[in-house]
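Take a look at the structure below.
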Amino acid sequence: MLDAVRLGHSPTLADVDSALTEARVAEAHQLGSMLAQRPAAIREDVHIRARTRGQKRYLDAIHSHEITLVIGPAGTGKTYLAMAAAVSALLSKRVKRLVLTRPAVEAGERLGFLPGDLEQKVNPYLRPLYDALFAMVDMDRVRRMMDQQCIEVAPLAFMRGRTLDQAFVILDEAQNTTVDQMLMFLTRLGEGSRAVVTGDITQVDLPPGTVSGLEDAHRVLQDIPGIGMVQLTSRDVVRNPLVQQIINAYEAGGRTPGRNGRARRGA
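Now the structure itself:
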């Protein structure tokens, strides 16, 4: 912890809690390495660093692979850390634009019955991406960058037929993609681009019997160089200590949230 302070990081109560949790399962040198990791400066008042070993593996994978697939429960920082890496890459001019997307599977065919134009209909499903983005970049600056087409937030269906060069692309909630949608997304990457695919395979909203594109990709792409695979667990939950306890309680009972939010009991 002292190493982190020397590097300019001001530990929060959550950092202390995470450090104590990691200390129970990590060797001393591993814990020191994690805490001594230099924070990534997004702006003057926002510095991003891993709080757990799993998060450190995740950030390392993003930096060393063109494509990273991460699977983990709610509260593990899947979207937040991906956004931090993307914003850092954009502001340091390592890429020319950010492309943020997620499937609007919850809407299904019902989008046509919702009031408003297309943007008003899909925005509720893209809101978590905006929330993560606004946590790191001033809202006015985001709007300017969107006007300049440096940042794009769009439903996954809008990716079809495109080639994304010099871009950092994030696919969020990827457990709700089909196999065809996942293949379509992964083949959009062009020269100088990087992609992070995030999801929680216990939160699938696809119709019963439909194979999740994230689960399929995790199985099919295991041995391809350039693709990183990261599995986060309840030990990596940093949202709120109570969330970690809730996840542990459900897992201990052999239950995970299933399709359409219904709880399912493990075999």
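Going by the numbering used here, the first residue of the sequence shown is number 18, and it counts up by one from there. All residues carry an ideal CB built from backbone N, CA and C; glycine is no exception.
E169, enclosing beta strand (DSSP E) - first and last residue
Unbroken beta strand (DSSP E) run through E169: 168-172.
Query raised in the report: Applying the criterion that 16 or more other CB atoms from any shown protein chain within 10 Å of the CB defines a buried residue, is S105 buried or exposed?
Result: Residue burial annotation: S105 is buried, with at least 16 other C-beta atoms found within 10 angstroms of its C-beta.
Going residue by residue through the stretch 173-203, where are the continuous alpha helix (DSSP H) segments of at least 4 residues, counting only ones entirely within it? With a minimum length of 4 residues, the continuous alpha helix (DSSP H) runs that stay inside the stretch 173-203 are 196-203.
Using beta-carbon positions only, say whether I187 and V213 come within less than 7 Å of one another. yes
| request: On a CA-only basis, which of V87, A67, R68 is nearest L238? Give me that one, please. | output: V87
Q.
Could you tell me the alpha carbon to alpha carbon distance between P120 and C167, rounded to whole angstroms?
A. Going by C-alpha positions, P120 is about 21 Å away from C167.
Exercise. According to DSSP, is L206 helix, strand or coil?
Worked result: Under the three-state reduction of DSSP, L206 is assigned to strand.
Residue ranges of each beta strand (DSSP E) within the stretch 88-119, 3 or longer: Correct list: 114-119.
L223 - DSSP class collapsed to helix/strand/coil: Of the three classes helix, strand and coil, the one that applies to L223 here is coil, per DSSP.
So, helix, strand or coil for A284, using DSSP? Any reading at A284 is ruled out, since the residue's pLDDT is 37, under 50, leaving its predicted position unreliable.
Have a look at S109, R66, I84, D148 and flag the residue whose alpha-carbon is nearest the alpha-carbon of E208.
I84
*Compute the distance between the beta-carbons of V196 and V247, then report whether it is under 7 Å.*
no
- Residue span of the alpha helix (DSSP H) that contains I244, given as start and end: Run containing I244: none in the alpha helix (DSSP H); it sits in the beta strand (DSSP E), 244-248.
Exercise for the section: Taking 8 Å as the threshold, find out whether the stretch 63-75 comes into contact with the stretch 89-106 through three or more Cβ pairs. Expected result: yes
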